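Residue numbers (mature numbering (1 follows the signal peptide of the UniProt record, and there is no 0)): -17 to -1, 1 to 234. Below: one structure, written as structure tokens.
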């Protein structure tokens, strides 16, 4: 009778530790060697969908994953940042009068109207606030391929030919600066070099960035020719409108 009582206690302890269904050697608290069916389950919330998705790891264990992890691993592009700039009299970049070849005008990413900023992927940093315009940059929070898209307008005068490049200066953790540039405007026929001409532009660039990279954006006068002061202007907004938009997507 005493032996029988001891066996019952041992079996009870085993059931509480690990339970195997379809297997005699469970590898977790509950180990099912086969399918699982649930006829009814409580409704979740949007927060549940974003933060408590269930997945099966390489061992077969059920684990929690975030929506970002799920989207990243199936290759769906993620909108990391989208904002409008240059409201209420704030220009998008500094004017240059005159503009020299190779002169860079950093974008003023001040007071953005942000539609989305997934700070787990990328973050807009303004190290000096409004003290220094043009020192703002984007810091990469998760390595990967990113597409930068810029919509704005430039005004040009004083030159029969005016080539402008979009510059992405990437300051890496090692202290090395990597520069990526491409032509966004190649000049237009001029009737008078003294009359400014406003030209909308759209620029996009995609490349791989490492964790901690700091990306500065700006325009650079690649080639300027002709008489006059060779001026490059940032158009001022009217009232509360915006004059530029930046969209960043992670792939």
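Think of the CB as a built atom: it goes at the ideal place given N, C-alpha and C, for glycine as much as any other residue. On a predicted model such as this, the values are computed, not experimentally measured, just so you know.
> Is residue 26 near the ligand HEM, going by C-beta to nearest heavy atom under 7 Å?
Replying inline: Annotation note on the ligand HEM: not contained in the displayed structure, which lists no ligands.
>> So for residue 1, helix, strand or coil by DSSP?
In response: coil
> When DSSP labels each residue in this structure, what does residue 52 get in the three-state scheme?
Replying inline: helix
> Could you give the residue range of the beta strand (DSSP E) that holds residue 127?
Replying inline: 127 to 140
>> Looking at residue 62: is its Cβ nearer than 8 Å to the Cβ of residue 123?
In response: no
>> Assuming residue 201 and residue 106 are in contact, meaning their beta carbons sit under 8 Å apart, how far apart are those beta carbons, in whole angstroms?
In response: The pair is not a contact, with the Cβ atoms about 19 Å apart (cut-off 8 Å).
>> Between 144, 198, 133, 5, which has its C-alpha nearest residue 169's C-alpha?
In response: 144
> What is the DSSP secondary structure of residue 6, counted as helix, strand or coil?
Replying inline: coil
>> On a Cα-Cα basis, can you pick out the residue from 99, 158, 74, 12 that is closest to residue 218?
In response: 74
> Are the beta-carbon atoms belonging to residue 91 and residue 72 less than 8 Å from one another?
Replying inline: no
> Where do the ends of the beta strand (DSSP E) carrying residue 219 lie?
Replying inline: Run containing residue 219: none; DSSP gives neither H nor E here.
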